[in-house]
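Engineer:
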Amino acid sequence: MDEQKKSKALIDPKVLKAIIEYGPIIVFFASYYLADLYTATAAIIIATLVVLALSLIIERRIPIMPVVTGCVIIVFGGLTLWLKDETFIKMKPTIIQIVFGLVLLVGLYTKNIFLEKLLGSSLKMKPHGWIILTRRFAFFFFTMAVLNEVVWRTQSTDFWVNFKVFGILVLTILFLVTQIQLLKKYLIEP
Numbered sequence: 003m004d005e006q007k008k009s010k011a012l013i014d015p016k017v018l019k020a021i022i023e024y025g026p027i028i029v030f031f032a033s034y035y036l037a038d039l040y041t042a043t044a045a046i047i048i049a050t051l052v053v054l055a056l057s058l059i060i061e062r063r064i065p066i067m068p069v070v071t072g073c074v075i076i077v078f079g080g081l082t083l084w085l086k087d088e089t090f091i092k093m094k095p096t097i098i099q100i101v102f103g104l105v106l107l108v109g110l111y112t113k114n115i116f117l118e119k120l121l122g123s124s125l126k127m128k129p130h131g132w133i134i135l136t137r138r139f140a141f142f143f144f145t146m147a148v149l150n151e152v153v154w155r156t157q158s159t160d161f162w163v164n165f166k167v168f169g170i171l172v173l174t175i176l177f178l179v180t181q182i183q184l185l186k187k188y189l190i191e192p
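Written out as structure tokens, the structure reads:
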């Protein structure tokens, strides 16, 4: 058995994807409630580096979204720890959401539908459906950026951490559910 087959057998790709996406946020949440925001910030930086390295070792590549998110976590988390100012880690979701929204809009402008490139292998839709879905996702990301700003600037750190971990997840699921009609309308049957 060659080396690549061995490494792929270690972790199922779906499990690896879940670890990369949710591992650092779970570590952040647990660390926050076991210690404090600064410990949680250091923990999420370390967890992010670990999952990126794990992805590189097992998959021989790192997907672009975790790289972007990881860079923002490292920069803003590092500033939080270095300056002892929690503002930076609280701004991190805002920055990530804005970056994702802008990337989608720039893609639309340049005729590169990034969502289609990202999801097209598992979701077949008519071109106009991808355009609508991209616009909606961009709007959603910008809305989430504004919401994060409102929450961290007006609520306690405990409330913000719970919003970051659970609120954003619930709102994302609700957003995805509201897109089912669009998917049905533009889905290309196999």
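Throughout the sequence shown, residue numbering follows this note's numbering, covering 3 to 192 in sequence.
Glycine included, every Cβ here is placed at the ideal spot set by N, Cα and C.
Can you check whether the CB of Val101 is closer than 8 Å to the CB of Val70?
Structural biologist: yes
Engineer: Determine which residues share a DSSP beta bridge with Leu189 and list them.
Structural biologist: Met127
Engineer: Using CA coordinates, which residue listed in Leu54, Ser57, Pro26 is at the minimum distance from Ala45?
Structural biologist: Pro26
Engineer: Using the beta-carbon count (16 or more within 10 Å), is Gln99 buried or exposed?
Structural biologist: buried
Engineer: Please go through the same chain and pick out, in chain order, the residues whose beta-carbon is closer than 6 Å to the beta-carbon of Ser33, but skip the five residues on each side of it.
Structural biologist: Thr41, Ala42, Ala45
Engineer: Tell me the DSSP secondary structure of Arg62 in three-state form.
Structural biologist: coil
Engineer: Which residues bound the alpha helix (DSSP H) around Gly109?
Structural biologist: 89-111
Engineer: In whole angstroms, what is the alpha-carbon distance linking Asp38 and Lys19?
Structural biologist: 27 Å
Engineer: State the DSSP-derived secondary structure class of Ala37, mapped to helix, strand or coil.
Structural biologist: Three-state DSSP puts Ala37 in coil, outside helix and strand.
Engineer: What does the Cβ neighbour count give for Val153, buried or exposed, with the cut at 16 atoms within 10 Å?
Structural biologist: buried
Engineer: I need the straight-line Cα distance from Thr96 to Ile60, nearest angstrom please.
Structural biologist: 30 Å
Engineer: In terms of residues, what are the limits of the alpha helix (DSSP H) holding Ile175?
Structural biologist: Taken as a continuous stretch (DSSP letters only), the alpha helix (DSSP H) holding Ile175 covers 170-180.
Engineer: Suppose contacts are defined by Cβ-Cβ distances below 8 Å. Is Phe78 in contact with Val167 by that definition?
Structural biologist: no
Engineer: Return the residue from the list Lys128, Ile48, Leu51, Leu58 that minimises the CA-CA distance to Ile13.
Structural biologist: It is Leu58 whose Cα lies nearest to the Cα of Ile13.
Engineer: In its own chain, which residues sit with a C-beta less than 7 Å from the C-beta of Lys128, not counting the 5 before and 5 after it?
Structural biologist: Tyr188, Ile190
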